[in-house]
Structure formats: C-alpha cells, structure tokens
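Residue numbers (the working numbering), protein chains in the order written: chain A, 128 to 289; chain B, 128 to 289. Every residue gets a Cβ at the ideal spot worked out from N, C-alpha and C, and that includes glycine. Please read these numbers as outputs of a predicted model, since none were measured by experiment.
Protein chains: 2
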Amino acid sequence: MSDRTPMSREKKPDDLGHDALLPHNTRRSLPIALLRAREAVMAHFRPMLARHDITEQQWRVIRILAEAGRVDASEMADKAFILAPSLTRIIRSLEERGLITKHKDADDGRRVLLEIAPEGMRVIADVSPESRAIYEELETRYGRERVEVLLDMLDELATLND
Amino acid sequence: MSDRTPMSREKKPDDLGHDALLPHNTRRSLPIALLRAREAVMAHFRPMLARHDITEQQWRVIRILAEAGRVDASEMADKAFILAPSLTRIIRSLEERGLITKHKDADDGRRVLLEIAPEGMRVIADVSPESRAIYEELETRYGRERVEVLLDMLDELATLND
DNA sequence: CTCATATATTTAACACGTTAATGAAATTGA
DNA sequence: TCAATTTCATTAACGTGTTAAATATATGAG
Numbered sequence: 128m129s130d131r132t133p134m135s136r137e138k139k140p141d142d143l144g145h146d147a148l149l150p151h152n153t154r155r156s157l158p159i160a161l162l163r164a165r166e167a168v169m170a171h172f173r174p175m176l177a178r179h180d181i182t183e184q185q186w187r188v189i190r191i192l193a194e195a196g197r198v199d200a201s202e203m204a205d206k207a208f209i210l211a212p213s214l215t216r217i218i219r220s221l222e223e224r225g226l227i228t229k230h231k232d233a234d235d236g237r238r239v240l241l242e243i244a245p246e247g248m249r250v251i252a253d254v255s256p257e258s259r260a261i262y263e264e265l266e267t268r269y270g271r272e273r274v275e276v277l278l279d280m281l282d283e284l285a286t287l288n289d
Numbered sequence: 128m129s130d131r132t133p134m135s136r137e138k139k140p141d142d143l144g145h146d147a148l149l150p151h152n153t154r155r156s157l158p159i160a161l162l163r164a165r166e167a168v169m170a171h172f173r174p175m176l177a178r179h180d181i182t183e184q185q186w187r188v189i190r191i192l193a194e195a196g197r198v199d200a201s202e203m204a205d206k207a208f209i210l211a212p213s214l215t216r217i218i219r220s221l222e223e224r225g226l227i228t229k230h231k232d233a234d235d236g237r238r239v240l241l242e243i244a245p246e247g248m249r250v251i252a253d254v255s256p257e258s259r260a261i262y263e264e265l266e267t268r269y270g271r272e273r274v275e276v277l278l279d280m281l282d283e284l285a286t287l288n289d
C-alpha cells in the first residue's frame, strides 16, 4: 500500500528557508523527487510482475537476454544497471528456476556467459505484452513528447560526470 | 570497463523494435532512466554521508526532524518516502546512536513521536553545509532552470495517479 | 617464464525495499 | 456498551543495494 495518512498536512513551511543551517525543503530535492517518480512508475508494473512471480530486476535480466542474446555478467550489470553482487544472486536464482543458463567463457575463464532458456522465453512471451500495455498507457497519460523530453533530461543528469 | 572482447558481438540492436514480442530498448525505459539518474545524483552525496557515518535514509530522517520538529512515524514515512518497516529499523538505529529520541503519543497510544536529539543536531550542523555545497554544484552544472523544470516534470509523473 | 598487477566474479556483512502477517490501540456502529 | 473494523507500528521473510574483501583467471613488464 503506497498511500500514507493524509491527516497531518504541512505545518509552517516558512520557518525554514531562512535558516542557512538547515537543508532545503525535501519536496524540491532531486534525490527524493527521482525516488518518488520511480516508485510511482514501478507501482504500475510491480503487481503484474508479481503475478508472474518475478521481481523487477529479474525481469530486467531476462528481458536483456531476450534482446541481446548471449551476454556476460559484466555486460549485464552494465545494461541492467545492477551491481555485481546483486547480479550474482539474481543469476543464481534465475538459473535455479530454469529461466536462464550460465556457463564459463571458453576464451576467458573469469567470465560468465548468460543465455535465456526456453522457460525464460515463455516468461518473456507472457510478460512482454502486459508490460508494453502498461508502458503505453503511462506514455499516453503523461504525454509521449514529454516522456521523450524527460528521458533526455534524465540521461543528461545521469551522464553529467562522464 | 564497459568494453568487452570485440570478438563475439552477437546481434545488432536493430533486429528488435520490429518484433512486437520483445520489450522496447532498455536505454529508453523510464524506470531504468530514473534509476540511473538517481544513482548519478546520489554518487555525489554518498561518499560525504559515509564519511559522517550515516546512510542516505538516516540523513533524510534527521533532516526532516530538524526541519519540522516533532513528527510521528507515519508523517515521517510520508515525508521521507520510506516504508514503515524500513522506518522502524532506521528509527531503532538512530535512537541507539543517540541522534533522535522516541516516545509514545499521549493522545494516541498507537503513534510514535520522533524528535531530534542534540547529538543529531550536531550531525545536521556538520553535514548540512557539505550537502548544500554538493547540491549547489550539481544545480549549477545541470542548470538551475533545468533542475526546476525537471522537478516539476518528476512531480507530475509521481502524481499521475492521484 | 615469472612475478606483479589488473580484471571478472563471488562472498560477506549490513542496511534498505517489499509484501504479508501480527499486535495493540482507536473508531465505528448497532 | 461492545463487537467488528480500521489504523499505526512492528515483526517476519525474502530480495536487492552497497561496500569491502576474497578468489580465480588473465595480462604485462622484465
């Protein structure tokens, strides 16, 4: 349940903003705004993914395998934006469930190559249409143009340091 | 470190996007774009917070207490955008470290009232200037105007369902 | 070739996210 | 009044995020 109590609203937003010691208003903070937005978006997808008994991250991994074919763990971490230790656990879980296969790279014994399994393809086939529908509904309601603009602005923010 | 052996480049990214079965490109996905952007922003703050031995969430909690004074747990969950079970743990940890105090509401025995402790105020005083500096550096580099626009767009996305 | 260094993955330890269930206190309504 | 319901906080269980350290393999300098 994402709703919180609407009972106790704002007190007096004026006793801050004058005091240089205090941090600025939480509502206009980029980290929290990004968190809120992301949560609002994921709230649309999560129940559907839960019905298919996969997590958001598991979905990202098998989806990327469906897109890109054979991928090693580093490349997966990069594409799915998942840290290596998390990815190790996710791979283990997906392999145990038979959604992916895993084998060492013959040319570089350190690398782990991942591939989607038939069972994984079945999940892709089941989830993809629903996922698409949810995304398109969202795009329509927010505005297709605005989604593009937002994606560009987010990308620019994400690459400020490069 | 995103580069791999150029030997086994499997498929072109173009053979999808025409196949309605497959999900659309990960790079233009709102959930991941929001995640990336958030991570990029937090990367600026996290090392500083770590030097002061507090987590991002702990910082949000004490910062809100410094802003708003006495706050009950539900209100805190709402403002800091932290789910109740996480908040329970964070409160326990902050109280053990002496950064906040906690007591039951006399008028409603279910509620827990939180207040910042002197030790917490010391952390606020230490961290706030650094946090501000980082945020302002970020704002300057991204553009003050653009940050405002982005915050508005994110807020709209977050409140699509209300 | 060999040793030092670098890279890819895993493990460990702890904090947070998420959902469901529980316990306790307040509220409702018959 | 009191039983049913609702609300607030906590606990439980599991998955992920984060940092540091460990392990195994590859690479490069001498």
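Look at L214/A: its C-beta is not under 8 Å from any C-beta on chain B. Going by beta carbons, L157/A and V254/B fall outside the 8 Å limit. DSSP, read as helix, strand or coil, puts H179/B in coil. Looking at A285/B, F172/B, E202/B, V274/B, the one whose alpha-carbon comes closest to that of E183/B is F172/B.
Residue nearest to W186/A within the set A195/A, R273/A, I261/A, V250/A is V250/A (criterion: CA-CA distance). Interface residue (Cβ-Cβ distance to chain B less than 8 Å): K206/A is classified as such.
K231/B counts as exposed, since fewer than 16 other beta carbons sit within 10 angstroms of its beta carbon. At a cut-off of 8 Å between beta carbons, A160/B contacts chain A. Under the DSSP assignment, L277/B falls in the alpha helix (DSSP H) whose first and last residues are 271-285.
Nearest C-alpha to G247/A among P174/A, D180/A, T153/A, R165/A: D180/A. Considering only E202/B, A164/B, S213/B, E166/B, the residue with the shortest C-alpha distance to E242/B is E202/B. For T228/A, not one C-beta of chain B is nearer than 8 Å to its own C-beta. Here V188/B is near L221/B, since their CB atoms are less than 8 Å apart.
Between I191/B and chain A, the shortest Cβ-Cβ separation is below 8 Å. Scanning chain B for C-beta atoms nearer than 7 Å to the C-beta of D282/A yields A160, reported in chain order. Sequence-distant partners of M175/B (beyond 5 residues in either direction) whose C-beta falls short of 6 Å from its own C-beta, in its chain, are E257.
In the DSSP assignment, the residues bridged to H230/B are L240/B. Taking a Cβ-Cβ cut-off of 7 Å, the neighbours of M169/A in chain B comprise P158, given in sequence order.
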